[in-house]
Amino acid sequence: MSQSGALTARPSKPGRIAAYVGFAVLGLVVGAAGSLVQAAWFPAGLLLALLGTAGLFYGGLRTTGTQLGVVAPAAGWIVSVLLLSAGRPEGDGVFAGGLGEIVFLLGGTVLAVMCATISRLPQPGAPSA
């Protein structure tokens, strides 16, 4: 078997697109849930929200094998968090403006960048350089 003949489990193009869309929707859900949990159970809720966010971003990277696997859930997460932080004309908003909210916003962004810049691990059975 040649080096290029190694088996790789790369999904088809429609499968990857569906995965990216699914991860973007999961990003929306995780962002909304994290926004609620981090404020409700501070500081344990903040840690739980950031761990869930990191798990989603890293899971997207490992599932798709591409940095776009991190960008898709991160985009959904950012949209969700920004919409919830904007508030309403009546003055209602999910974020109260404390330290926990700032750590959640910045921490999630830093986690997305960290996961997107992680070097890809070699696949099992792939020839080493």
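So the sequence shown is numbered by our numbering: it starts at 7 and just counts up by one. Glycine included, every Cβ here is placed at the ideal spot set by N, Cα and C. On a predicted model such as this, the values are computed, not experimentally measured, just so you know.
Please state if the CB of Ala55 and the CB of Gly37 are separated by a distance shorter than 7 Å. no
Cβ distance (whole Å) where Gly32 is taken to contact Gly113 below 8 Å: Note that residue 32 is Leu in the sequence shown here, rather than Gly. Contact flag wrong, Cβ pair sits at about 18 Å.
Please state whether the Cβ-Cβ distance between Thr59 and Leu117 is less than 7 Å. yes
In terms of alpha-carbon separation, which member of Ser18, Val27, Val77, Leu88 lies closest to Cys121? Val77
Given a threshold of 16 other Cβ atoms within 10 Å of its Cβ, counted over all protein chains shown, does Glu96 qualify as buried or as exposed? exposed
Nearest to Val35 by CA position, among Val87, Glu107, Gly106, is which residue? Val87
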